[in-house]
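Below is one structure, written out as structure tokens, with a few remarks after it.
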Amino acid sequence: MWSCITDFFTYETTKSVVVKSWTIGIINRVVQLLIITYFVGWVFLYEKAYQIRDTAIESSVMTKVKGFGVYNNRVMDVADYVTPTQGASVFCIITKMITTENQFQGYCPESETKYNCTHDSDCTKFLNKPGSNGIPTGRCVHFNSSLMMCEIQGWCPAEIDTITTSPMMEVENFTIFIKNSIRFPTFNYTKGNFLPTITDSYIKKCNFDLVNNTYCPIFRVGDVVRYAQQNFNILANKGGVIGIKIGWICDLDKSDDECNPSYSFTRLDAMSQKNAVSPGYNFRFAKYYKTENGTDYRTLVKAYAIRFDVLVNGNVRES
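Position 139 of the sequence shown, counted from 1, bears residue number 139 in this note's numbering, the numbering being contiguous throughout.
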């Protein structure tokens, strides 16, 4: 008990030792100088850590594609090759199509070689499994005079998607118009990619490039593909996904004229180029019709397309 009381009233102090050594002294001062230089130079002057930052960007993107092409001896306009049509931040430009016309609901042979058969017993293994183009019936029927295939129930005739066709090469010269509005809620700061220097006469003739027209909001498709380091011919034939990135990196302590967008481009589905099973990008859609007696039929389209994703990011700061 008494030892606890004496310990409580004990006073401790540190003991300083002065080492008179040029080597240790120089090392000590160099370390101190490096620490001070780091905080003053990097943290305060370069990174400006004393400023408040906002990365929660609110963004709106509107797009519009222009251009005419020729595909299968037909002139194609925007309504034919752009989907969806609303002008959103994600859209597709169709470069190639495989169409299966006049499909009716009914029974017909499959079209893929794995469904080749000689007897019904060859087809029963596909029962209760999803077919390629419909629901298997388990029957072996004539595909033509010399070939028999397993039968399906669904939209007939079944699609044959191995047809070789050339892409619409005029897409390379189509243009993409991008209108971007942003807001940083922390500072209630708003701006758009239509800068005060952009006039009516300028926007009618400009196309974006990385040297002379870095703020023009109109992009030639071929240039976008090239900036993303891709081959247009391959991309148009197989399809793919290209990212158009808009970056807003601003210091609000400076003039508003210095807060401008920067554009960059990349291939977002780069891994699909290395995948032999499912390369590129394609999707299907159908156009529906009715006969005079009210029977539904359709035209099925397998579309190969270049998909564009407009991605917006930002980081602003202010004291």
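We put the CB at the ideal spot given by N, CA and C, even for glycine. Please read these numbers as outputs of a predicted model, since none were measured by experiment.
What is the DSSP secondary structure of residue i, reduced to helix, strand or coil?
i	result
M62	strand
Y215	coil
M148	strand
T299	strand
I198	coil
E258	helix
K204	coil
L311	strand
F232	helix
F265	strand
E170	helix
T165	coil
I160	coil
K96	strand
D54	strand
A270	helix
N237	helix
Y281	coil
N128	coil
T23	helix
N275	coil
T37	helix
Taking 6 angstroms as the limit between beta carbons, can you name the residues of its chain near residue i, skipping five residues before and five after?
i	result
S325	Only positions 1 to 319 of the chain appear in the structure, and residue 325 is not among them; the question remains open.
R183	E58, T190
G13	It should be noted that the sequence gives Thr, not Gly, for residue 13. Excluding positions up to five away in sequence, the list is empty.
L311	G243, K245
N313	G247
M168	G69, Y71, T95
C250	C259, V316
E170	G69
So residue i and residue j are supposed to be a Cβ contact under 8 angstroms. How far apart are they, rounded?
i	j	result
C92	A286	Wrong, their Cβ atoms sit about 16 angstroms apart, outside the cutoff.
V65	I176	6 angstroms
E151	V221	About 43 angstroms separates the two Cβ atoms, so there is no contact after all.
T83	A236	With a Cβ gap of about 16 angstroms, T83 and A236 do not count as contacting.
A328	P185	Nothing can be reported for residue 328: it is not among the residues displayed for the chain, which extend from 1 to 319.
V316	F187	7 angstroms
L300	T165	That belief does not hold up - the Cβ atoms of L300 and T165 are roughly 15 angstroms apart, past 8 angstroms.
F174	G67	3 angstroms
State the Cα-Cα distance for the pair residue i and residue j, rounded to the nearest angstrom.
i	j	result
P136	P157	14 angstroms
A303	Y227	24 angstroms
N128	T295	28 angstroms
F308	S132	29 angstroms
C123	R298	27 angstroms
K114	G239	26 angstroms
H142	T118	9 angstroms
W349	S264	Outside the shown range of the chain (1 to 319) lies residue 349, about which nothing can therefore be said.
F126	R284	24 angstroms
G154	D54	54 angstroms
C140	M149	6 angstroms
I35	T23	19 angstroms
N28	S21	11 angstroms
V75	D200	29 angstroms
N260	G134	53 angstroms
N144	C108	11 angstroms
R267	Q32	46 angstroms
G138	S262	59 angstroms
D256	T197	13 angstroms
M271	E110	31 angstroms
V363	P130	Missing from the structure shown is residue 363; the chain here goes from 1 to 319 and no further.
Please list, in chain order, all residues of the same chain as residue i whose beta carbon is under 7 angstroms from its beta carbon, the five residues on each side excluded.
i	result
C206	N213, C216, I218
D269	G240, V241, Y281
V225	F232, L235, I242
Tell me, please, which residues DSSP counts as bridged to residue i.
i	result
Q86	Answer is none; Q86 lacks a bridge partner.
P136	I152
S181	S60, G192
C250	V316
K245	S264, L311
G69	M76
V141	M149
Y289	Y297
N116	M149
Y107	Q153
F91	F308
T175	K66, R220
Please go through the same chain and pick out, in chain order, the residues whose beta-carbon is closer than 8 angstroms to the beta-carbon of residue i, but skip the five residues on each side of it.
i	result
L147	N116
I163	I98
T63	G87, A88, S89, F91, I176, F177, I178, K179, F308, V310
L210	Y227
Q229	R267
Using a Cβ-Cβ distance cut-off of 9 angstroms, determine whether residue i contacts chain C.
i	result
S255	The chain inventory of the structure shown lacks chain C, comprising one protein chain alone.
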